[in-house]
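Protein chains in written order, with our numbering: chain A, 1 to 587; chain B, 588 to 1174.
Next up, the structure:
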């Protein structure tokens, strides 16, 4: 598939060469789900001198048409090995290719391969398909345009990128495009604005979401559910400040190992402070506030801790990549003999929480130390072996004997399990994490007095189930397409009188629902019934309750379910019973 | 009373003059509940040269004894007006007095008054009592020692301060001393540590409390109660980040009017950021995120917003004066005709919340603009008049026609009501505030489209009922002396088996209580019954449930109430009913 995609990129480049005189070629790799090619497109005579022209969306069908012509010709991909000197001759009019050749020269590489396709020649390692016929006529599509810096650096020239995708069959392409379209409709940034869930504002700062009432409410309900569940499971709530002095971050090792993820320091009197990128050192401080006994272990401390981490502005994306986010962060501090039970329980809890939100398809990822590069990781052999073994055993205990192994993917301070979920479109997201941490027990000299009276070092496990609340909300909005389940919906039901004279009856029903703790709105605006219903649907309100003469007569409502449509006339008490049951069952 | 206190300070200074040769006098004013005098006490021959000696606590009874001798002598306070030249002669051996005289000289003051008391002479404006006999022999007490910088500046020399107190009668003194002792016992810093509620840590940073499990739980429960009440009353939850770019703080005026209360800036890429000292500009940003209609007003937005404000390290005090705190901050945005109702409802809500926490005695404080110094305040005459009138009318509506008026005490952006509560020791604390804000509507051009289609400026009201959660917790811990009401207690009941063989019965009761959502612990430690009960009392657990043979036989528990003591044998169901009722009623 990668070969097909990369070859289609060549085919697209060839088409561009035929259509746009003087175009310069940069690079054109295959990527996940497709390919792209970066071009420099010289200015037309009419355009300002020195300024490149851009592709326009109308160019894409023209390029596609030309590609189809080339495919029909059944052109061959021909490989040839040439010396660098020869390569320079071939690409003498292609400055980007020449720069790439110079780079290879610096690396003392003597020979390169070039691929020809008709009259298009490209500097390329390959491999490629044999002929353009392997690209199915109706199984590719050019999808979008973008600007991209040469070699990805802002210091370089901005190039024109064309994205495309190709599959083996038209059916596969159609499925993919349909999923893309669905994903666009579910884009949490679009839904976030339309449903008034959150906003981003440049004057406030990039990557710092502000939660509007409806979004703040859903986020609060999710945190409330998570926290109450944790408390039931024997966790204790703690709370720590968002800033701490640099001496703490030195002590914890963050200024040594994690500085690039932290915001700059700022002064108070003669001390320097930093925003916290993690909660752990603060929780460790609390553990160390007095001597601890084996009787107290395991300690399970959880906090809804808002942390701030530096991310390049270019990588920020809606809620899924932000600079400030709240973690449902917990630290389990336990003795060696409690390790297996604690890990197993943490995994069980993870699955329970994720399942409650309707995720069904999980993938366990175990990241361990690279045994060939131990220097990159702190802690001794025995600790790593024990920890890695304990994680495997815990996964097996909850039925995950199969997992994806990432050798060398462990954090510097210990091995970890990441849980990936598949959303309703089948896309995978990493949400939960369970990590060993060999760092704080040593650095902060964490101890407990064991039964035998000796001071011992406890194990410390980080775990975050929702992970980042912001990221979770982003993923979850897309998972449910903005249609939150009833228990989370900011408005659970909206009453729509068919005319002004039924507003009073609507008011009566509103009171009745409110008395039953149902979040209800009365839409008594002077709009048409059709418009009110449409608005209710756009807002993805679970139930629209239409009331008019017929309904009032029999003390009923006409219930419209968000997904199932018209449920017909229903007695108010029956509706209350139904919705309360759904809330109770978190549906 | 102030005169009596100031005169007693003179009497103390005279006693010190008699007992400590070569002592130098600084200043000795009356203060709330007493007086002090600052002295420079030259080194004894034996001490290091150049270093002053300190008073020791053993000196205080000696000074008191000498004061009693002076009181018996019925010495007269004699006032005399002298020229500055004469004054300099009188105090030629008193360098601090000479410095004060020089300060007066700079202010072009020509004459000063001095008071003599026997052979003690002091530079003093007076007035004073007539003779030392007016000081009751048994109605004064020297209470403590402290170091104090000359003129309060760290650049100056450290002096020795003696604090004392005096009342008209012994009875009044005794009441005061008893209250002081009670206040010490209730000191939230001591209780916070003993009950493991919170901690402060220098490595984390001064004035940044860390909430340990029990304290975090109580704080969470308080926030939960407040938030749920606000939601019921038509408020909506929002949430905003803890940092924002400097451009926002410039726009809002904070960098102009509030800079000294803000932490230094820190960089991200090419932008400068600051911790938020207030939530308002962020909420205003949300209001302005789209056009607003009169139909949406009033908007009542609340957030549990953690803000960071610079306070000098010397002024920090436990939880009541911190650098980072969470406000139950709300902003009401409304039209002029909604003003009275909104203010009245906000005041009613304030009283309801405070009363729920057992506060009964309130004092309303109205802070208005200084009409002689309008330049210090933004906004026009009409706005101030309307706002001040609206606040008065709202207080009257909730039965507070009497209030303390502070002319000129308004914030620069508008008038305000502060609600002070008296705690169980009768001490007053300012907790809640309701403030007009003329600033953001203008600065951020906040608008709403009115019925007539015109764009109008809304009113904006800040209000915080608990105020700072940290400060509230500090006050509340002292108010209840660490004995939180049942609904807030982290542990509501502790089961104490009289011996190991009743642990199983204890376990059974524990389960039964947990099923009823009662927070219960089983103390199955191998300690004596007496020790267990004592520990439970120290932890201020509302109910200790003692179980042994007798109790098990009749399916009962022996209930020990934290305040009422032994309640005798009780059927488990009856106890569950009783405690659930108390939780329900927030007792």
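Cβ atoms here follow ideal geometry from the backbone N, Cα and C, with glycine treated the same way.
Quick check on DSSP: helix, strand or coil for residue i?
{"i": "residue 854 of chain B", "result": "strand"}
{"i": "residue 790 of chain B", "result": "coil"}
{"i": "residue 45 of chain A", "result": "At residue 45 of chain A, the pLDDT of 41 sits below 50, so the modelled position is not reliable; the number obtained from the coordinates is stated separately. Three-state result, residue 45 of chain A: coil."}
{"i": "residue 1028 of chain B", "result": "helix"}
{"i": "residue 645 of chain B", "result": "coil"}
{"i": "residue 452 of chain A", "result": "coil"}
{"i": "residue 964 of chain B", "result": "coil"}
{"i": "residue 581 of chain A", "result": "helix"}
{"i": "residue 681 of chain B", "result": "coil"}
{"i": "residue 762 of chain B", "result": "helix"}
{"i": "residue 278 of chain A", "result": "coil"}
{"i": "residue 637 of chain B", "result": "Any answer about residue 637 of chain B is weak, because its pLDDT of 49 lies below 50 and its placement is not dependable; what the coordinates show is given next. Three-state result, residue 637 of chain B: coil."}
{"i": "residue 785 of chain B", "result": "strand"}
{"i": "residue 571 of chain A", "result": "strand"}
{"i": "residue 609 of chain B", "result": "coil"}
{"i": "residue 291 of chain A", "result": "coil"}
{"i": "residue 212 of chain A", "result": "coil"}
{"i": "residue 817 of chain B", "result": "helix"}
Relative to the C-alpha of residue i, which residue among the options is closest?
{"i": "residue 1130 of chain B", "options": "B/792, B/1087, B/1078", "result": "B/1078"}
{"i": "residue 429 of chain A", "options": "A/478, A/273, A/336, A/107", "result": "A/478"}
{"i": "residue 211 of chain A", "options": "A/583, A/473, A/520, A/567", "result": "A/473"}
{"i": "residue 886 of chain B", "options": "B/783, B/933, B/940", "result": "B/933"}
{"i": "residue 165 of chain A", "options": "A/158, A/159, A/173", "result": "A/173"}
{"i": "residue 732 of chain B", "options": "B/809, B/644, B/705, B/957", "result": "B/644"}
{"i": "residue 664 of chain B", "options": "B/778, B/788, B/596", "result": "B/596"}
{"i": "residue 773 of chain B", "options": "B/1097, B/1135, B/1014, B/1161", "result": "B/1014"}
{"i": "residue 735 of chain B", "options": "B/653, B/642, B/646, B/765", "result": "B/642"}
{"i": "residue 918 of chain B", "options": "B/898, B/661, B/892, B/899", "result": "B/892"}
{"i": "residue 135 of chain A", "options": "A/87, A/64, A/101", "result": "A/64"}
{"i": "residue 15 of chain A", "options": "A/120, A/279, A/386", "result": "A/120"}
{"i": "residue 275 of chain A", "options": "A/253, A/295, A/307", "result": "A/307"}
{"i": "residue 593 of chain B", "options": "B/617, B/679, B/612", "result": "B/617"}
Compute the distance between the beta-carbons of residue i and residue j, then report whether it is under 7 Å.
{"i": "residue 1025 of chain B", "j": "residue 970 of chain B", "result": "yes"}
{"i": "residue 813 of chain B", "j": "residue 915 of chain B", "result": "yes"}
{"i": "residue 493 of chain A", "j": "residue 425 of chain A", "result": "no"}
{"i": "residue 991 of chain B", "j": "residue 960 of chain B", "result": "no"}
{"i": "residue 433 of chain A", "j": "residue 464 of chain A", "result": "yes"}
{"i": "residue 1128 of chain B", "j": "residue 1045 of chain B", "result": "no"}
{"i": "residue 1028 of chain B", "j": "residue 906 of chain B", "result": "no"}
{"i": "residue 205 of chain A", "j": "residue 832 of chain B", "result": "yes"}
{"i": "residue 729 of chain B", "j": "residue 749 of chain B", "result": "yes"}
{"i": "residue 79 of chain A", "j": "residue 113 of chain A", "result": "yes"}
{"i": "residue 509 of chain A", "j": "residue 495 of chain A", "result": "yes"}
{"i": "residue 675 of chain B", "j": "residue 688 of chain B", "result": "yes"}
{"i": "residue 910 of chain B", "j": "residue 1054 of chain B", "result": "no"}
According to DSSP, residue i sits in a beta bridge with which residue or residues?
{"i": "residue 750 of chain B", "result": "B/623, B/731"}
{"i": "residue 658 of chain A", "result": "Outside the displayed span of chain A (1 to 587) sits residue 658 of chain A, for which this structure offers no information."}
{"i": "residue 302 of chain A", "result": "A/237, A/330"}
{"i": "residue 665 of chain B", "result": "B/703"}
{"i": "residue 8 of chain A", "result": "Paired residues: none, contrary to the question."}
{"i": "residue 1020 of chain B", "result": "B/1005, B/1051"}
{"i": "residue 244 of chain A", "result": "A/274"}
{"i": "residue 111 of chain A", "result": "A/83"}
{"i": "residue 565 of chain A", "result": "A/561"}
How about residue i: is its Cβ closer than 6 Å to a heavy atom in the ligand ATP?
{"i": "residue 116 of chain A", "result": "This structure lacks the ligand ATP; in fact it carries no ligand of any kind."}
### Query
Hey, which unbroken runs of the alpha helix (DSSP H) at 4 residues or more fall wholly within the segment 1043-1130 of chain B?
1056-1066, 1090-1102, 1116-1125
### Task
Please specify which runs of the alpha helix (DSSP H), each continuous and at least 4 residues long, are wholly inside the segment 338-365 of chain A, giving them in chain order.
339-356
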